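What follows is a short report on a single structure.
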Amino acid sequence: MSSRLDIPLHEVQRRFNLDNPWWRAGQGIDAQEETWPRRAYFEPFAQLALQTSVKRAVVLIGPRRVGKTVMLKHLVARLLGTPGVVGTQVLYVSLDTPLYSGR
10 MSSRLDIPLH
20 EVQRRFNLDN
30 PWWRAGQGID
40 AQEETWPRRA
50 YFEPFAQLAL
60 QTSVKRAVVL
70 IGPRRVGKTV
80 MLKHLVARLL
90 GTPGVVGTQV
100 LYVSLDTPLY
110 SGR
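Using this note's numbering, count along the sequence shown one by one with no gaps and you end on 112.
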């Protein structure tokens with residue numbers, strides 16, 4: 010039994026474009042997401058995630074609907090406000106998206 014999932018490249022590109030509106034000039038995160046309150050742990054999370062001198066992954070885990078995606082989107086907004094960072098350097102991928110799981 011194969012566990013390989015063949016996803017057409019054009020479908021992945023379409024999903025990336027939908028999930029990353031900041032790739033288009035002048036765009037940021039969704040205006041509604043921008044107004045959502047910052048989570049209590051956002052600053053420590055952002056400091057870890059933006060620490061480029063350390064080559065490691067930062068893992069954000071927790072139950073559904075506690076604000077993980079909100080923290081990620083706010084981190085994207087912070088990155089987009091960083092001098093020298095352009096939108097196409099920032100990629101957001103939600104692996105829960107049915108396209109990536111074959112659902």
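Where a beta carbon is used, it is the ideal one built from N, C-alpha and C, also for glycine. Fair warning: this is a prediction, and the values are worked out from it, not measured in the lab.
Once you ignore the five residues that flank residue i on each side, which residues in its own chain have a CB closer than 7 Å to its CB?
i	result
L108	I16, E20 and R24
T106	R24
R48	G76, V79 and M80
K82	I38 and E42
Buried or exposed, going by whether 16 or more other CB atoms sit within 10 Å of the CB of residue i?
i	result
I70	exposed
L104	exposed
L27	exposed
L84	buried
Would you say residue i and residue j are within 8 Å of each other, going by their C-beta atoms?
i	j	result
G96	W32	yes
E43	V79	no
L88	V102	no
A86	G35	no
G111	L18	no
A58	V68	no
Taking the alpha-carbon of residue i as reference, which of the options has the nearest alpha-carbon?
i	options	result
G76	G35, Y50 and A58	Y50
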